[in-house]
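Keeping their order, the protein sequence lines are chains F and H. Note that our numbering has the first sequence beginning at 45, numbered continuously upward. Note that our numbering has the second sequence beginning at 2, numbered continuously upward. Scroll down for the structure; my scribbles are underneath it.
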Amino acid sequence: QKEVEQDPGPLSVPEGAIVSLNCTYSNSAFQYFMWYRQYSRKGPELLMYTYSSGNKEDGRFTAQVDKSSKYISLFIRDSQPSDSATYLCAMSEDNDMRFGAGTRLTVKP
Amino acid sequence: DAGITQSPRHKVTETGTPVTLRCHQTENHRYMYWYRQDPGHGLRLIHYSYGVKDTDKGEVSDGYSVSRSKTEDFLLTLESATSSQTSVYFCATSIQGGDEQYFGPGTRLTVT
Numbered sequence: 045q046k047e048v049e050q051d052p053g054p055l056s057v058p059e060g061a062i063v064s065l066n067c068t069y070s071n072s073a074f075q076y077f078m079w080y081r082q083y084s085r086k087g088p089e090l091l092m093y094t095y096s097s098g099n100k101e102d103g104r105f106t107a108q109v110d111k112s113s114k115y116i117s118l119f120i121r122d123s124q125p126s127d128s129a130t131y132l133c134a135m136s137e138d139n140d141m142r143f144g145a146g147t148r149l150t151v152k153p
Numbered sequence: 002d003a004g005i006t007q008s009p010r011h012k013v014t015e016t017g018t019p020v021t022l023r024c025h026q027t028e029n030h031r032y033m034y035w036y037r038q039d040p041g042h043g044l045r046l047i048h049y050s051y052g053v054k055d056t057d058k059g060e061v062s063d064g065y066s067v068s069r070s071k072t073e074d075f076l077l078t079l080e081s082a083t084s085s086q087t088s089v090y091f092c093a094t095s096i097q098g099g100d101e102q103y104f105g106p107g108t109r110l111t112v113t
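Below, the structure is given as structure tokens:
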């Protein structure tokens, strides 16, 4: 079993839909939780960074962390074709950062 | 954008040859990381550095070595490249360990 599990998709939604992306993890020591967006043949770019459990909102993006269930989510409201990318979850304890394999999202006009 | 560049951006090399990849940052971040990205595995940490001349192993360090003689440069060396090291390599930086990391554009390496 991988330390971080993420459904690889692919996920295809119509423009304007609400998108839900999820990861589960097994290491309860993880304290920092991140979501990255990666366009094809580009480096990952940070979308959201959270510490411990709770919600964090930034524009159309909301990150949720439930440490008791070892489950994190990213919600994208009013999805746009420009949101089409691979989304990576990541979590860390000090210098030990682990990534999910990524979910490929396509938003169709 | 944390001002991270990687060179070369693409490289094709033969099995058994040494290869060095360079990461350069302009943000004066203390921590630097090397990852490889493969389908189905996501990003996996190879080595990281927490200061000049201070490095440590990551999850998949076998066959790789690193050096950091200046804050801004972090080198990844494959002493004798193998086909299993064909991958996309990303450099990343952070201010502190555990902080959000900022990634470079990647180097696509093919070992034939």
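Heads up, the beta-carbon is just placed ideally off N, CA and C, and yes, glycines get one too. The structure displayed is predicted, hence computed values, not measured ones.
Taking CB atoms only, F/G60 has no neighbour in chain H less than 8 angstroms away. Around H/L22, no beta-carbon contact reaches into chain F at under 8 angstroms, the shortest distance being about 14 angstroms. Annotation for F/P52: A145, G146, T147 and R148 place their beta carbon closer than 8 angstroms to its own, counting only its chain and skipping 5 residues before and after. The beta carbon of F/P125 sits closer than 8 angstroms to those of E59, V151, K152 and P153, all from its chain and outside the five residues before and after it, given in chain order. Identification of chain F residues near H/G105 by a Cβ-Cβ cut-off of 8 angstroms yields G87, ordered along the chain.
For H/L110, the closest of H/I96, H/Y103, H/Q102 and H/S88 by C-alpha to C-alpha distance is H/S88. At the C-beta level, H/G99 and F/D138 come within 8 angstroms of one another. Nearest C-alpha to F/G103 among F/C133, F/K46 and F/S123: F/S123. Taking C-beta atoms as the reference points, F/S117 and F/L55 fail to come closer than 8 angstroms. H/A82 sits buried, since 16 or more C-beta atoms from the chains shown fall within 10 Å of its C-beta.
Using a Cβ-Cβ distance cut-off of 8 angstroms, the segment 24-34 of chain H and the segment 68-83 of chain H are in contact, since at least three pairs of beta carbons, one from each stretch, lie closer than that value. Going by C-alpha positions, F/M78 is about 17 angstroms away from F/S113. Put simply, the CB of H/H42 is near chain F, with a gap under 8 angstroms to one of its CB atoms. Relative to F/Y131, the option among H/G4, H/L44 and H/L79 whose CA is nearest is H/L44. Residue contact check for F/G103 against chain H: no CB pair falls below 8 angstroms. H/L22 and H/Q7 have their C-alpha atoms spaced approximately 7 angstroms apart. In the structure shown, the three-state DSSP call for F/S123 is coil. DSSP assignment within the segment 29-105 of chain H yields the following whole beta strand (DSSP E) runs of 3 residues or more, N-terminal first: 32-39, 43-52, 55-58, 65-71, 74-79 and 88-95.
By the Cβ neighbour-count rule, F/D127 is buried, with 16 or more other Cβ atoms within 10 Å of its own. Counted as a single uninterrupted DSSP element, the stretch harbouring F/I62 is not any beta strand (DSSP E), since DSSP gives it neither H nor E. Annotated three-state conformation of F/E47 is coil, per DSSP.
Following the DSSP letters along the chain, one finds F/D140 inside the beta strand (DSSP E) bounded by residues D140 to F143.
Going by beta carbons, H/P106 and F/K86 fall inside the 8 angstroms limit.
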